[in-house]
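Asker:
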Amino acid sequence: MTIINVSGLCLNFGGVCALNNLSLEIKKNSLVSIIGPNGSGKTTFFNVLSGIYKPDKGSIIFNDEQIVGLRPDQINQKGISRTFQLIRLFSSMSVLDNILVGGHNLIKTTLFDDVFNTKKRKAAQKNLMEKAEKLIEEFNLTNIIYEKVGNLPYGTKRKVEIVRALMSEPQVLLLDEPAAGMNNKESEELKELIKQVNGRGHTVLLVEHDIKMVLDISDRIIVLNQGSKIADGAPSEIQNDEKVIEAYIGSKSKSLS
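Take any residue in the sequence shown, note its place counting from 1, add 190, and you have its number in our numbering.
(1) What is the DSSP secondary structure of Ile411, reduced to helix, strand or coil?
(2) When burial is assigned at 16 or more other CB atoms within 10 Å of the CB, is Leu276 buried or exposed?
(3) Entirely within the region 329 to 394 and at least 3 residues each: give me those beta strand (DSSP E) ranges in chain order.
(4) Run the CB neighbour count on Thr234, radius 10 Å, all protein chains shown included, and call it buried at 16 or more, exposed below.
(5) Can you tell me where the alpha helix (DSSP H) with Val291 in it begins and where it stops?
(6) Could you name each continuous beta strand (DSSP E) segment of 3 residues or more that falls completely within the region 215 to 269, going from the start of the chain to the end?
(7) Which term fits Met357, buried or exposed, when burial requires 16 or more other beta carbons within 10 angstroms of its beta carbon?
(8) Relative to the C-alpha of Leu201, which residue among Asp246, Gln429 and Ile289 is closest?
(9) To the nearest whole angstrom, what separates the beta carbons of Gly269 and Pro360, a pair I think is in contact under 8 Å?
(10) Let's see if you can read the secondary structure: which residues bound the alpha helix (DSSP H) around Ile428?
(11) Measuring only the C-alpha atoms, how far is Arg311 from Phe329?
(12) State the DSSP-derived secondary structure class of Asp400, mapped to helix, strand or coil.
(13) Taking the alpha carbon of Ala322 as the reference point, which residue from Lys338, Val353, Asn333 and Lys347 has its own alpha carbon closest?
(14) With distances taken Cα to Cα, identify the nearest neighbour of Glu255 among Met191, Ile335, Lys381 and Asn195.
(15) So which of Gln386, Gly417, Val413 and Leu331 has the shortest CA-CA distance to Asn455?
(16) Using alpha carbons as the reference points, say which of Gly226, Val339, Val222 and Asp409 lies closest to Ala437.
(17) For Val350, tell me which candidate among Leu331, Met403 and Leu396 has the shortest Cα-Cα distance.
(18) Please go through the same chain and pick out, in chain order, the residues whose beta-carbon is closer than 7 Å to the beta-carbon of Met372, but skip the five residues on each side of it.
(19) Anyone know if the C-beta pair for Ile251 and Gly241 falls short of 9 Å?
(20) Rounded to the nearest angstrom, how far is the Cβ of Val387 from that of Val394, given a contact under 8 Å?
(21) With a Cβ-Cβ cutoff of 9 Å, do His392 and Asn219 count as a contact?
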């Protein structure tokens with residue numbers, strides 16, 4: 191079943207074509223990596239998909255609904271959540287408080303409820319806390335639940351950010367270069383974390399420069415170059431695709447690894 195259908199997406203910045211008639215489909219519950227050389231349009235595509243940029247033309251159908259033109263918060267409420275290249279956590283707040291922030295869109299209360307702290311608001315806050323605690327337990331963060339995020343190792347911060355993104359109960363999770371800056375041990379742990387998230391039933395779109403990770407965990411790989419899709423297939427197909435290899439290293443070789 192297709193959950194995202196992108197058709198004819200174009201975006202220009204001052205005459206520079208960032209996305210060039212991009213079309214692709216994403217199947218529900220899949221783990222799809224989007225790769226390509228620097229400047230190929232990967233993060234730009236994520237920014238369009240999450241509502242940060244509005245394309246010049248083209249459509250994005252999510253669950254049979256057009257989402258081009260919606261604000262990022264509206265797209266998040268529809269079921270698409272994301273992380274960014276630079277970790278965006280509150281360093282002075284605890285792990286628990288950071289994760290709770292991710293569920294703000296789940297609280298359906300009025301201004302009256304908020305001002306007078308009604309039973310409805312108390313019940314909503316209680317449900318949010320229970321949800322956060324379940325995620326913290328599921329992803330083995332219980333021992334650092336009250337630790338300030340600023341004191342945590344880099345890899346753990348990234349894990350907290352991903353768990354926070356799950357608080358909004360997304361159908362699709364966009365991960366933008368989550369392994370950037372990680373050592374080998376942290377990258378291996380991240381790989382298992384991404385598989386765990388996908389195993390929960392979330393569709394995962396991954397932008398990542400760690401080719402080994404991409405080849406190891408992806409169901410499918412989409413390759414961009416200069417804003418256009420140049421390849422789309424299983425890891426074994428992409429690894430030996432001459433166009434992909436040439437885009438990465440500037441010459442033909444036997445395989446991408």
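All C-beta atoms, glycine included, are put in the ideal place defined by N, C-alpha and C.
Answerer: By the coordinates alone:
(1) Strand at Ile411.
(2) Leu276 counts as exposed, since fewer than 16 other beta carbons sit within 10 angstroms of its beta carbon.
(3) Every beta strand (DSSP E) stretch that sits fully inside the region 329 to 394 and reaches 3 residues is listed by chain position as 362 to 366.
(4) By the beta-carbon neighbour count (other beta carbons within 10 angstroms, threshold 16), Thr234 is buried.
(5) Boundaries of the alpha helix (DSSP H) around Val291: Val285 to Val291.
(6) Inside the region 215 to 269, DSSP marks whole beta strand (DSSP E) runs of 3 or more residues at positions 221 to 225 and 247 to 252, from first to last along the chain.
(7) By the neighbour-count definition (other C-beta atoms within 10 Å, threshold 16), Met357 is a buried residue.
(8) In terms of Cα proximity to Leu201, the closest of Asp246, Gln429 and Ile289 is Asp246.
(9) Contact holds; Cβ gap of about 5 Å.
(10) Unbroken alpha helix (DSSP H) run through Ile428: Pro425 to Gln429.
(11) Looking at the two C-alpha atoms, the distance is approximately 27 Å.
(12) Residue state, collapsed to three classes: coil.
(13) The candidate whose alpha carbon is nearest that of Ala322 is Val353.
(14) For the residues Met191, Ile335, Lys381 and Asn195, the minimum Cα distance to Glu255 belongs to Asn195.
(15) Given a span of 191 to 447 for the chain in the structure shown, any question on residue 455 remains unanswerable.
(16) The shortest C-alpha separation from Ala437 is found at Gly226.
(17) Closest option to Val350, Cα to Cα, is Leu331.
(18) The beta carbon of Met372 sits closer than 7 Å to those of Tyr344, Gly345 and Leu380, all from its chain and outside the five residues before and after it, given in chain order.
(19) Judged by their CB atoms, Ile251 and Gly241 are not nearer to each other than the 9 Å cut-off.
(20) Confirmed, Cβ separation roughly 6 Å.
(21) In contact: His392 and Asn219 (Cβ atoms closer than 9 Å).
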